[in-house]
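First up is the structure itself, then whatever we jot down about it.
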Amino acid sequence: MSARTIGIIGGGQLGRMLAMAASRLNFRTIILEPQADCPAAQLANRQITAAYADPVALAELAADCDIVTYEFENVPVEAAEMLARNVPVYPPPKALEVAQDRLTEKRFLNGCGIPTARFHAIDNQAQLEAALADFGGCGVLKTRRLGYDGKGQRVFRSADESPAGAFEALGGVPLILESFVPFEREISIIAARGTDGAVACYDPAENVHRDGILDTSTLPARITDATAEAARDAAKKLLDALNYVGVVGIEFFVLPDGSLVANEIAPRVHNSGHWTEAACVVSQFEQHIRAIASLPLGDPRRHSDCVMTNLIGDDILQVPNWLSRPDVLVHLYGKTESRPGRKMGHVTELTAGRR
Ligand code: AMP
Numbered sequence: 001m002s003a004r005t006i007g008i009i010g011g012g013q014l015g016r017m018l019a020m021a022a023s024r025l026n027f028r029t030i031i032l033e034p035q036a037d038c039p040a041a042q043l044a045n046r047q048i049t050a051a052y053a054d055p056v057a058l059a060e061l062a063a064d065c066d067i068v069t070y071e072f073e074n075v076p077v078e079a080a081e082m083l084a085r086n087v088p089v090y091p092p093p094k095a096l097e098v099a100q101d102r103l104t105e106k107r108f109l110n111g112c113g114i115p116t117a118r119f120h121a122i123d124n125q126a127q128l129e130a131a132l133a134d135f136g137g138c139g140v141l142k143t144r145r146l147g148y149d150g151k152g153q154r155v156f157r158s159a160d161e162s163p164a165g166a167f168e169a170l171g172g173v174p175l176i177l178e179s180f181v182p183f184e185r186e187i188s189i190i191a192a193r194g195t196d197g198a199v200a201c202y203d204p205a206e207n208v209h210r211d212g213i214l215d216t217s218t219l220p221a222r223i224t225d226a227t228a229e230a231a232r233d234a235a236k237k238l239l240d241a242l243n244y245v246g247v248v249g250i251e252f253f254v255l256p257d258g259s260l261v262a263n264e265i266a267p268r269v270h271n272s273g274h275w276t277e278a279a280c281v282v283s284q285f286e287q288h289i290r291a292i293a294s295l296p297l298g299d300p301r302r303h304s305d306c307v308m309t310n311l312i313g314d315d316i317l318q319v320p321n322w323l324s325r326p327d328v329l330v331h332l333y334g335k336t337e338s339r340p341g342r343k344m345g346h347v348t349e350l351t352a353g354r355r
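Per UniProt numbering, residue 1 is the first one in the sequence shown, and the count goes up by one each step.
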């Protein structure tokens, strides 16, 4: 295999883990990221230190790479489209367009036959009040763009809660009101599609969030085979509809009857798929590199049960304890400064199946 170069837009831990996986398969990597000495660049061959939409930097990336990918969904669509005129960009820029706006995302999912919460677009306070009335006073109000980890959200739990001032309080930007989903648990599925249209799905993970941030992903999820099959079906429909190439993460709510409601899609490797590096032969990171490089997809089967735990902020102080335990894979992101809410690393503990 001749050495080829993969460009990665974004320099965080996901880019870092993609760069590691790429290097094992003899690819070179170039990171485009404005922050110097970012986690990804520490392990890549080169960094272009510039804004994601910098036209000179994008031209350099296109000229020096054989394939370009990204590690976060807020890459400017115009930048991805500009690149795509000169070099293959995977996943396709259309996936960014869909994932960047919760309204577009829900419409797209529904168009693929994948159920979501009911929703209304909210552009002013009067629309918010009408929409809340339609949902009996309950719902989850979210910014359409740039929200993540529970940021840019307000939950209305009962009709007694006044929505006065809520539109302005979220910044006066376009919002979406979702009906409140009475879910029993949350799961996600990590799936990949190759340039030849082949699809591979990992087992769904059961996710628990703390303060709006993923805390743990547990395998197997406590769901029936039928629910797992429904998650795989939804992933395949979405991937085919987008003519997708690469790894995607899809988050779902599981209702008490086992049916699924899609919450959001991430057109990239996903935090709830980190367990794959310890419990599968081919991790989600290698799978993504294989997919975008037109290599055969890896076997997504899991050889062990496991629990992945994020190390957030001062959780990093627990690393010595984790290191002293058997069956635990520790993965740190090279971030020197720990802050509350900052993802510093993760650990995956194999809980059964390996021996
Ligand atoms: P999100 O930013 O959309 O991933 O939402 C963060 C978390 O808020 C989710 O993981 C759920 O726990 C909760 N949540 C979001 N939307 C809804 C909804 N429509 N109904 C109930 N809970 C929700």
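Even glycine gets a Cβ: it sits at the ideal position worked out from N, Cα and C.
Using the C-alpha atoms, what's the distance from residue j back to residue i?
{"i": "residue 50", "j": "residue 71", "result": "16 Å"}
{"i": "residue 260", "j": "residue 253", "result": "6 Å"}
{"i": "residue 183", "j": "residue 209", "result": "14 Å"}
{"i": "residue 351", "j": "residue 279", "result": "10 Å"}
{"i": "residue 334", "j": "residue 325", "result": "22 Å"}
{"i": "residue 232", "j": "residue 302", "result": "15 Å"}
{"i": "residue 156", "j": "residue 57", "result": "44 Å"}
{"i": "residue 141", "j": "residue 164", "result": "13 Å"}
{"i": "residue 174", "j": "residue 105", "result": "14 Å"}
{"i": "residue 222", "j": "residue 86", "result": "45 Å"}
{"i": "residue 16", "j": "residue 310", "result": "16 Å"}
{"i": "residue 313", "j": "residue 269", "result": "22 Å"}
{"i": "residue 188", "j": "residue 212", "result": "15 Å"}
{"i": "residue 237", "j": "residue 112", "result": "6 Å"}
{"i": "residue 1", "j": "residue 26", "result": "Model confidence at residue 1 stands at a pLDDT of 43, short of 50, so the residue's coordinates are unreliable; what they give is reported in the following sentence. Approximately 8 Å, taken between the alpha carbons."}
{"i": "residue 358", "j": "residue 160", "result": "Examination of residue 358 is not possible in this model, given that the chain is present from 1 through 355 alone."}
{"i": "residue 355", "j": "residue 64", "result": "With a pLDDT of only 43 at residue 355, under the threshold of 50, the placement of this residue in the model should not be trusted, and no figure is reported."}
{"i": "residue 134", "j": "residue 176", "result": "14 Å"}
{"i": "residue 186", "j": "residue 60", "result": "41 Å"}
{"i": "residue 201", "j": "residue 191", "result": "4 Å"}
{"i": "residue 93", "j": "residue 13", "result": "21 Å"}
{"i": "residue 241", "j": "residue 120", "result": "24 Å"}
{"i": "residue 347", "j": "residue 308", "result": "6 Å"}
{"i": "residue 273", "j": "residue 216", "result": "11 Å"}
Between which two residues does the alpha helix (DSSP H) holding residue i run?
{"i": "residue 24", "result": "13-24"}
{"i": "residue 223", "result": "Per DSSP, residue 223 belongs to no alpha helix (DSSP H) and is neither H nor E."}
{"i": "residue 60", "result": "55-64"}
{"i": "residue 103", "result": "102-111"}
{"i": "residue 243", "result": "No alpha helix (DSSP H) holds residue 243; DSSP gives it neither H nor E."}
{"i": "residue 168", "result": "166-169"}
{"i": "residue 41", "result": "From DSSP, residue 41 is part of no alpha helix (DSSP H); its letter is neither H nor E."}
{"i": "residue 207", "result": "Segment 205-210 is the beta strand (DSSP E) holding residue 207; no alpha helix (DSSP H) there."}
{"i": "residue 141", "result": "Careful: residue 141 lies outside any alpha helix (DSSP H), inside the beta strand (DSSP E) at 139-143."}
{"i": "residue 319", "result": "319-323"}
If you reduce the DSSP assignment to three classes, tell me which class residue i lands in.
{"i": "residue 192", "result": "strand"}
{"i": "residue 89", "result": "strand"}
{"i": "residue 121", "result": "strand"}
{"i": "residue 290", "result": "helix"}
{"i": "residue 132", "result": "helix"}
{"i": "residue 77", "result": "helix"}
{"i": "residue 187", "result": "strand"}
{"i": "residue 1", "result": "Here residue 1 scores only 43 on pLDDT, less than 50, and its place in the model should not be relied on; the value that follows carries that caveat. DSSP places residue 1 in coil when its eight states are reduced to three."}
{"i": "residue 152", "result": "coil"}
{"i": "residue 215", "result": "strand"}
{"i": "residue 337", "result": "coil"}
{"i": "residue 35", "result": "coil"}
{"i": "residue 262", "result": "strand"}
{"i": "residue 29", "result": "strand"}
{"i": "residue 45", "result": "coil"}
{"i": "residue 302", "result": "strand"}
{"i": "residue 95", "result": "helix"}
{"i": "residue 231", "result": "helix"}
{"i": "residue 84", "result": "helix"}
Kindly indicate which residue of the options has the alpha-carbon position closest to the one of residue i.
{"i": "residue 250", "options": "263, 56 and 84", "result": "263"}
{"i": "residue 276", "options": "292, 349 and 240", "result": "349"}
{"i": "residue 96", "options": "347, 293 and 243", "result": "243"}
{"i": "residue 143", "options": "167, 133, 126 and 132", "result": "167"}
{"i": "residue 88", "options": "109, 120 and 7", "result": "7"}
{"i": "residue 77", "options": "327, 54, 47 and 19", "result": "54"}
{"i": "residue 203", "options": "185, 227 and 81", "result": "227"}
{"i": "residue 146", "options": "92, 206, 219 and 75", "result": "75"}
{"i": "residue 162", "options": "138, 5, 10 and 322", "result": "138"}
{"i": "residue 151", "options": "131, 341, 36 and 295", "result": "341"}
May I ask which residues mark the beginning and end of the beta strand (DSSP E) holding residue i?
{"i": "residue 251", "result": "246-254"}
{"i": "residue 305", "result": "305-312"}
{"i": "residue 349", "result": "343-352"}
{"i": "residue 278", "result": "No beta strand (DSSP E) holds residue 278; the alpha helix (DSSP H) holding it covers 276-279."}
{"i": "residue 332", "result": "328-332"}
{"i": "residue 175", "result": "175-178"}
Report the CB separation of residue i from residue j in whole angstroms; it is logged as a contact under 8 Å.
{"i": "residue 353", "j": "residue 288", "result": "So it is not a contact: roughly 24 Å between Cβ atoms."}
{"i": "residue 170", "j": "residue 193", "result": "Not a contact, Cβ separation roughly 35 Å."}
{"i": "residue 73", "j": "residue 100", "result": "6 Å"}
{"i": "residue 282", "j": "residue 265", "result": "Residue 282 to residue 265, Cβ: 22 Å. No contact."}
{"i": "residue 30", "j": "residue 44", "result": "7 Å"}
{"i": "residue 117", "j": "residue 181", "result": "5 Å"}
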